[in-house]
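Worksheet for the structure shown next.
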Amino acid sequence: MEDEPLDGSLHYLRGEYEQTREAYLTRRNEMPEAQVKMNVREAGEKASIIDIEGELTAFAEAVLMDAYNQASDGRARAIILNFEDLDYINSSGIGLLVTLLIRVNREKQKLLTYGLSEHYRSIFQITRLDDAIAIHDSEEEAVRAANSA
C-alpha cells in the first residue's frame, strides 16, 4: 500500500521532468532573430549593392548569405556593401565578412564598401580587412570602381 503514493509521486516527477526537458530543448534550439535587414539592388552592368541596416552579428549569417546569393545572380562581378545604416558590428560580424570575402574571391568577384563610420574604418584597418575589401567614400565612387573592372 505504501507503493501507491510513491508510484504516484514518480509519475508526477516524470511529468515534471518531461516538461522541463522539453522547455530546455526548445529554448536551446531557438536562436534570436537577426537584428539586421538587407536590401539588394543593381548598380550598373557589373555590380550589385547590398544595403545593410541594423546589427551585423553571428545572427545575421543567413540574411547576409541570402543577400549575397541574390546579389551575385551569375552576372555581378562586384558586390558593394553599403554600411551607411549599420548600427553595430561585433567580432562575429567581422568573421561573417571574412566568410563573404572568401566566397566572393572563389567566384572571382570584387568586394567593395562605402558608408563606413570612422570607427568601423579603423576596425577594418586594424583587422587588415581594408587590404582585401576596397573602402570608398560614396556610393557613386564605389559603383564607378566596380563597373570599371
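In my numbering, the protein residues as written are 1 to 149.
Note that beta-carbon positions come from the ideal geometry of N, C-alpha and C, so glycine has one too.
Here's a check: name, in chain order, each residue in its chain whose Cβ is nearer than 6 Å to the Cβ of residue i, leaving out the five neighbours to either side.
i, result
"Q35", "G54 and E55"
"E139", "Y114"
"E235", "Because the chain in this structure spans residues 1 to 149, residue 235 falls outside the shown range and cannot be described."
"R77", "K46 and Q109"
Hey, residue i and residue j: beta-carbon distance below 8 Å or not?
i, j, result
"L111", "L100", "yes"
"I133", "R121", "no"
"A47", "I89", "no"
"D51", "M65", "no"
"A43", "A146", "yes"
Can you name the start and end residues of the alpha helix (DSSP H) that residue i belongs to?
i, result
"E139", "E139 to N147"
"Y99", "Sequence inspection shows Thr at residue 99; the Tyr mentioned does not correspond to that position. First-last of the alpha helix (DSSP H) with T99: S91 to R106."
"R121", "E118 to I126"
Looking at the secondary structure, which residues open and close the beta strand (DSSP E) in which residue i lies?
i, result
"I133", "Per DSSP, I133 belongs to no beta strand (DSSP E) and is neither H nor E."
"E53", "A47 to L56"
"R75", "Per DSSP, R75 belongs to no beta strand (DSSP E) and is neither H nor E."
Using DSSP bridges, identify the partner residues of residue i.
i, result
"M65", "In the DSSP output, where bridge partners are listed per residue, M65 has none listed."
"E42", "S48"
Can you tell which of the options has its C-alpha closest to the C-alpha of residue i?
i, options, result
"R128", "M38, I94 and A145", "I94"
"E45", "F124, H119, E118 and A71", "A71"
"A142", "T57, D131, R41 and N82", "N82"
"S91", "A43, R106, N105 and I123", "I123"
"E84", "V98, S117 and R75", "S117"
Near residue i, which residues of its chain fall below 7 Å by C-beta distance, leaving aside the five closest residues on each side in sequence?
i, result
"R103", "Y68"
Among the residues of its own chain, which have a CB less than 8 Å from the CB of residue i, if the five just before and after it don't count?
i, result
"D137", "Y114"
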